[in-house]
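Notes follow once the structure below has been shown.
In the UniProt record's numbering, the protein residues as written are 1 to 706.
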């Protein structure tokens, strides 16, 4: 607030308003006051009028501190004031000189009479009437004498007056010595021709001992010189304090000093109130707590509101918060961003252990099946299963189980590439083998219905080539995919508090590329399973394949939404466990459905694992494909025919109602032919004739396996 300098009506109210504004600011109890002693005296009177005594601690300037006009009659209001005064020492001899002056002897000072009137409260004869001597009734005689006993107070700043006069004196001396000839007395022409800037340069260079030069000086015989570029002298101040020494006794005491850039303060001597010696606290706003930013009030330099930084922000200055980048969280002090610990699938977690146990179980079962098939490699059941494709299928199943061990490791660029390549390839091997088997069965029986010619590419070697070709397509897809989208382990932040280390393909639906071709194979295998569902019982592996594909479709229909939903969540363990279990479950379904019936016969019913058990038995006896035969059945009789090649046995169920007696004779050729509903004749080495429903199963080369 600005102190009013105008006199007249309303001046008291102006100071009253200032005090009321100060009272409103409850936290601000320290008030710095710059002003003259008259202005500050009126302020203290306003404090008394508004019952604000003791509410404020005043910080004063040298313009009014230690002035009797301020504290006289306002002692309680001024109590506790801290102020500064330029450090000055008494000028030796000045008080004796000044106390000896009278209006009669000090006629050269026109203001001395006015000072004399004010000091002795009298009017000097024939002096000019002023507002100050108007009410003085007694006349001054000139015989009065000033003394310490009648109220004389020495001026504490006289040292600076003497220093200023001496500075000019020394500057003029130096200027005279420089510009004037040696021995020249008075002002020489060179000095007269110089302007003030020349004198100023000499003033800046002066250095001398002041008049206060004595051993008892508090300034230790200070040397005067200008040190500041602006021409200021050395900064030296005394810290004074208006203290109530005892009940009703007040005095200004020195409590510290500022000299040569160092502050010395004796706080033990500071007492703001006799009744309450505790040092008061004065703040416009309380300090902000940790993690809070200052919002300064408009028009205020020291008053502010404390606002909390948001949960994910840190302080970069007292007035600004910024967000931590992804993967970082503020520390407890809200001063620094700290990295969030990485989260990834760990092999020792409960999720990983569960998936690994499932995979280990599947691996042991698969190895057991491989062992059984190797040991009983030449038995009819194993040979009839298509040994080569079975081993390829078992290898693919092992790879499926092995993918779990890659998925539960800490992601790296290499492991992410292994996941990209392995996930699709293991499925491609499994379903390529199944597709090759179903396609072979379908083509054999389709060809058998149409002609006696042997279908192409049904030998074991051909089947392996077909299966390999189907698998290579997946390899090509993976190579192109890796070229255009190199595998990377990245940090994924599903929430501001999570930092997941994952493979990039696991969060952007990239693995769907690896699944495209296996899904296509599954669909085609399922279609073949439907097409071959009515193949006779002698070849009922097609039914197991069908059940495998139906179950696999259900697993994948459940897996796809679960996986892609969890990939965008913050549950990385659920995401990878879902994939691991789904892969292992698909392999398990294939393993159990296709190999359990065979292992069951091999281990528990070895009596059925013979060529004889594969022959068709009915009331008409056994039909073999390498002999000439005649089969006769009555009307509406269901015939079950089993056919065995020279190298294998496969079951095939054919149920047809015979609506007529059928006699079939074949020559010495290699074909066995059954005709239903028509008469067939033999001609040479073959069978000639027309049929309504005809099935021909050739006893082709020895390496053909159904």
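In this text, a Cβ means the ideal position worked out from N, Cα and C, and glycines have one as well.
Item, Value
"Status (buried if at least 16 other CB within 10 Å, exposed otherwise) for residue 238", "buried"
"Limits of the beta strand (DSSP E) - the one that residue 82 falls within", "82-86"
"Assigned secondary structure, residue 242 (DSSP; H/G/I helix, E/B strand, else coil)", "strand"
"Where residue 573 falls: helix, strand or coil (DSSP)", "helix"
"Proximity winner among 588, 578, 520, 517, relative to residue 548 (alpha-carbon distances)", "588"
"Nearest-angstrom beta carbon gap, residue 339 and residue 328 [assumed within contact, 8 Å]", "6 Å"
"Residues near residue 464 in its chain [Cβ-Cβ closer than 8 Å; skip 5 each side]", "388, 389, 392"
"Spatial distance of residue 359 from residue 349 (CA atoms)", "15 Å"
"Residue 546 to residue 523 span [Cα, whole Å]", "11 Å"
"Within 9 Å, strictly: CB atoms of residue 59 and residue 30", "yes"
"Local Cβ density within 10 Å of residue 123, reported as buried at 16 or more and exposed below that", "buried"
"Per DSSP, the bridge partner or partners of residue 305", "295"
"Supposed contact pair residue 442 and residue 550 - C-beta distance, whole angstroms, cut 8 Å", "The Cβ separation is near 17 Å, so there is no contact."
"Of the listed residues 284, 556, 489, nearest to residue 516 (C-alpha basis)", "556"
"Rounded Cβ spacing between residue 142 and residue 104 (contact assumed at less than 8 Å)", "5 Å"
"Closest residue to residue 505 among 436, 495, 412 (Cα-Cα distance)", "412"
"C-alpha gap between residue 487 and residue 347, whole angstroms", "21 Å"
"Extent of the continuous alpha helix (DSSP H) to which residue 115 belongs", "112-120"
"Under the three-state DSSP convention, the category residue 672 falls into", "Unreliable positioning characterises residue 672 in this predicted model, as indicated by a pLDDT of 37, which lies under 50. The coordinate reading is nonetheless provided below. Residue state, collapsed to three classes: strand."
"The alpha helix (DSSP H) enclosing residue 518, as first and last residue numbers", "511-531"
"Nearest-angstrom beta carbon gap, residue 467 and residue 755 [assumed within contact, 8 Å]", "With the chain covering only 1 through 706, there is no way to say anything about residue 755."
"Near the ligand FAD: residue 544 beta-carbon under 8 Å from a heavy atom", "With respect to small molecules bound, the structure shown includes none, and the ligand FAD cannot be examined in it."
"Residue of 84, 606, 445 minimising C-alpha distance to residue 259", "84"
"Between the CA atoms of residue 101 and residue 184 - distance to the nearest angstrom", "36 Å"
"Uninterrupted beta strand (DSSP E) stretches inside the region 151-177 (no shorter than 3 residues)", "none"
"Coarse secondary structure for residue 201, derived from DSSP in three states", "helix"
"Simplified DSSP state of residue 388, which is helix, strand or coil", "helix"
"Alpha carbon of residue 357 to alpha carbon of residue 477, nearest angstrom", "31 Å"
"Where residue 428 falls, given that 16 or more other Cβ within 10 Å makes a residue buried", "buried"
"Collapsed DSSP secondary structure at residue 207 in the structure displayed", "strand"
"Burial state of residue 79 (16 or more Cβ within 10 Å)", "buried"
"Top-ranked residue by Cα proximity to residue 494, from 74, 202, 508, 273", "508"
"CB contact flag (residue 323, residue 290, <9 Å)", "no"
"Closest by C-alpha distance to residue 208, when choosing among 500, 170, 397", "170"
"Whole-angstrom distance between residue 264 and residue 189, CA atom to CA atom", "51 Å"
"Coarse secondary structure for residue 492, derived from DSSP in three states", "strand"
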